[in-house]
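K.L.:
The structure follows.
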Amino acid sequence: MDDLEKTKAEEQASETLASLCCDLKNFLSVVSGNAQLLAELSHKELSEQATHRDQFISSSQDIREASEQMTESLHRLVHLCDALGKPCDSVSDKASS
């Protein structure tokens, strides 16, 4: 691999890492926001909880989907680290759970 190819590969890796970081921040925002909403709804009186059932279900689904997307992103990050020859032990442990 010549210097130009190496530079291109490093630029592509850097862009991919930046994209993964952005994705993970967005997914984490979804999880965090919905977890906060669920916590607030859980403190409502029992008579009001039935009214918020749809919000509960929707928030739960959002959390599950965001978690799945975060797991996919972590797997991509581990793959990228492997391709770069950089160990991602702490990331791979989280991605496999």
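The sequence shown runs 0 to 96 under numbering that gives the first Met the number 0.
We put the beta carbon where it would ideally sit given N, CA and C, even for glycine.
From a predicted model like this one, the values you see are computed outputs, not experimental measurements.
Determine the contact status of A12 and L79, defining contact as a CB-CB distance below 8 Å.
P.N.:
It is a contact, given that the beta carbons lie within the stated cut-off.
K.L.:
May I ask you to report which of helix, strand or coil DSSP gives G84?
P.N.:
Three-state result, G84: coil.
K.L.:
Would I62 and V30 qualify as a contact pair, given that the criterion is a beta-carbon distance under 8 Å?
P.N.:
Contact flag set, yes.
K.L.:
When the Cα of K24 is compared with those of S66, D2 and L83, which residue comes out closest?
P.N.:
The candidate whose alpha carbon is nearest that of K24 is S66.
K.L.:
In whole angstroms, what is the alpha-carbon distance linking D103 and Q35?
P.N.:
Since the first and last residues shown for the chain are 0 and 96, residue 103 lies out of range.
K.L.:
Quick one: measure Cβ to Cβ for L83 and L19, integer angstroms, because I've assumed they're closer than 8 Å.
P.N.:
Going by Cβ atoms, the distance from L83 to L19 rounds to 13 Å, so no, they are not a contact pair.
K.L.:
Which of helix, strand or coil does DSSP assign to D22?
P.N.:
D22 falls in the helix class under three-state DSSP.
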